[in-house]
Amino acid sequence: MRGPIDYLVVGFEGNKFDGSVLEALSDAIDKNIIRVIALGFVQKDTDGTLTQLNVTDSGDEVIASFSQKYVTDDSAITQDDIDEVGDILEPDTAAGLLVLEHVWALPLKKALIDANGYLIAEGRIHPEAQTELEGGN
């Protein structure tokens with residue numbers, strides 16, 4: 035049984051990704067909140083050249099160590115995914131691609147299944163919509 039699976043694409047201006055964000059991911063993994071399925075990095079130079087960075091050969095020890103410890107399936111990010119991200123990246127920007135499983139939801143999923151419950155709808159409300167939820171303008 036698996037929990038819900040999401041993907042995130044996060045941009046970093048100036049092609050500056052130093053791996054420090056991975057500490058927060060590591061914390062969430064160690065607390066059994068998420069599981070990283072796949073992790074990838076791409077960068078678009080100022081001239082528009084797109085480069086996919088091999089996580090284990092990135093030259094950044096933090097990124098390589100994180101990948102070896104936590105990533106389970108690098109094949110979950112395809113070349114089509116990389117190309118699609120490359121199409122929307124601005125020049126001189128890097129992006130991290132992350133596929134993750136919400137393992138915190140597994141006990142809830144099991145309880146719902148055991149109670150003969152089933153999913154009718156799902157969705158995500160982004161934090162930017164918080165004022166609408168609170169009745170603000």
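Position in the sequence shown (from 1) plus 34 gives the number in my numbering. We put the CB at the ideal spot given by N, CA and C, even for glycine. No experiment lies behind these values; they were computed from the predicted model shown.
- Judged by DSSP in its simplified three-state form, Gly-169 adopts coil rather than helix or strand.
- Distance between Asp-40 and Ile-71, taken at the CA atoms: about 10 Å.
- Separation of Leu-132 and Asp-148 (C-alpha to C-alpha, rounded to the nearest whole angstrom) is 31 Å.
- For Asp-40, the uninterrupted beta strand (DSSP E) segment begins and ends at 39-47.
- For Val-133, the enclosing beta strand (DSSP E) starts and ends at 127-135.
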